[in-house]
């Protein structure tokens, strides 16, 4: 059996999705199918796992894969494999292959005894190539450059970028999310002080060819990045058809003295990556008037179609809104997705919107398509058994 044929024999999903492998012809090129990989958690946050769901009907699912003793985790795609990143108190990156999605190829630590970080608390993993990725570390001032294909833990970390200047309080800028666009890495930072959102968020811009930070304001002194008109950024999304990006911020919370009350300092911001400028698209209002309440997640489908989730506060029911990411036109609430339990958004390779449903009694995902500008429900609820956290997509070779 050749290596090409062996690749077509990877059994990831149930037999209803993948044909049995019989060796085939050496001249047969493998076909490919897309699968969603979803991080999930127990309702009491005591444990976690992964669900794998086909991206085409009947959306067959394989649940409770790669069981974890922690629920503080997320997944990222590596093409034909995926990563589970375990956060606070665990501080690990695990790689899984399509041929055996339940057994990790490796488990590497995100800790570094030499930089004094007690809890690195990894918050995002941005894959650039088979041998290069950026690991954001929420509990550290240093972002790691890593080799996701490293065969030893010693070879995993290949460099670092110091972003501690963005937080003079403790040198930890709380880097929370990133995105790679047009040769640049954009890193969102919350800049908290004792968990309180007392400062505006920032976006650091990294040249991925040189691993150096770009000065977006070369004619002025101070920090090199792009200052945001909001606090506590939590999510980034690229706008198709351009290099521009959206930043979603939930506004954060106050400090101990005010009972960690919700602050209305959030919203959605559009970053013009050519001008390195930030424009507020939607404001979450103030304590008296807050039309969109608490922003939760954002995703873009096309150049003129994007979505965000907002709620009345942590743990409250959410509403899904459609909007044009290039204008400030008022968003439209999506019928059937108002005042329901939702969590995060993702767009699959077919341009469909996946919405995590976080009800403790009926957890799963919904899939939305589009006809004549309106949403269609391709799948109302696909059961994930545990509560879904986030979604990414891998490509699996099949016959």
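In our numbering, the protein residues as written are 3 to 401.
C-beta: ideal position from N, C-alpha, C; glycine also.
Asked                                                                                                                                  : Found
Cβ-Cβ separation, residue 270 to residue 238 (assumed contact under 8 angstroms), whole Å                                              : Not quite, the Cβ-Cβ distance comes to about 11 angstroms (not below 8 angstroms), so this is no contact.
Closest residue to residue 214 among 227, 202, 223, 203 (Cα-Cα distance)                                                               : 227
Counterpart residues of residue 246 in DSSP-defined beta bridges                                                                       : Per DSSP, none; premise fails for residue 246.
Test item: CB-CB of residue 112 and residue 96 under 7 angstroms                                                                       : no
Inter-stretch contact at 8 angstroms, needing at least 3 Cβ pairs: the region 241–256 / the region 195–203                             : yes
Distance between residue 232 and residue 159 (C-alpha atoms, nearest Å)                                                                : 32 angstroms
Check whether residue 63 and residue 49 have beta carbons under 7 angstroms apart                                                      : no
Reference residue 142; option with closest CA among 115, 156, 152, 208                                                                 : 115
Spatial distance of residue 44 from residue 217 (CA atoms)                                                                             : 43 angstroms
Residue from 292, 365, 290 whose Cα sits closest to the Cα of residue 66                                                               : 365
Pairwise C-alpha distance: residue 61 and residue 398                                                                                  : 15 angstroms
Neighbour-count burial assignment, residue 219, 16 or more Cβ in a 10 Å radius                                                         : exposed
Contact between the region 380–396 and the region 81–96 (3+ Cβ pairs under 8 angstroms)                                                : yes
Separation of residue 106 from residue 69, as counted between CA atoms                                                                 : 11 angstroms
Cut-off 6 angstroms between Cβ atoms - residues of its own chain near residue 24, not counting five sequence neighbours on either side : Low confidence applies to residue 24: its pLDDT is 33, below 50, so where it sits in the model is not reliable, and the reading given next is rough at best. There are no such residues.
Separation of residue 370 from residue 377, as counted between CA atoms                                                                : 6 angstroms
C-beta contact flag for residue 230 and residue 280 at 7 angstroms                                                                     : yes
Beta-ladder partner(s) of residue 124, from DSSP                                                                                       : 139
Residue 103, enclosing beta strand (DSSP E) - first and last residue                                                                   : 102–111
Ordered list of alpha helix (DSSP H) runs contained in the region 50–93, each at least 4 residues                                      : none
Where residue 184 falls, given that 16 or more other Cβ within 10 Å makes a residue buried                                             : exposed
7 angstroms Cβ shell around residue 342 - same chain, five flanking residues per side excluded                                         : 319, 320
CA-to-CA distance, residue 358 to residue 401, given in whole angstroms                                                                : Low confidence applies to residue 401: its pLDDT is 46, below 50, so where it sits in the model is not reliable, and the reading given next is rough at best. Their backbone Cα atoms lie some 30 angstroms apart in a straight line.
Cα-Cα separation between residue 15 and residue 55, rounded to whole angstroms                                                         : Confidence at residue 15 is low in this model, with a pLDDT of 41, below 50, so the placement of that residue should be treated as unreliable; the coordinate-derived value is given next. Cα-Cα distance, rounded: 8 angstroms.
DSSP-derived helix/strand/coil call for residue 229                                                                                    : strand
Contained beta strand (DSSP E) runs [length at least 3] in the region 291–327, N- to C-terminal order                                  : 296–304, 307–313, 320–325
Separation of residue 128 from residue 295, as counted between CA atoms                                                                : 29 angstroms
CA nearest to the CA of residue 379, picked from 354, 391, 285, 133                                                                    : 354
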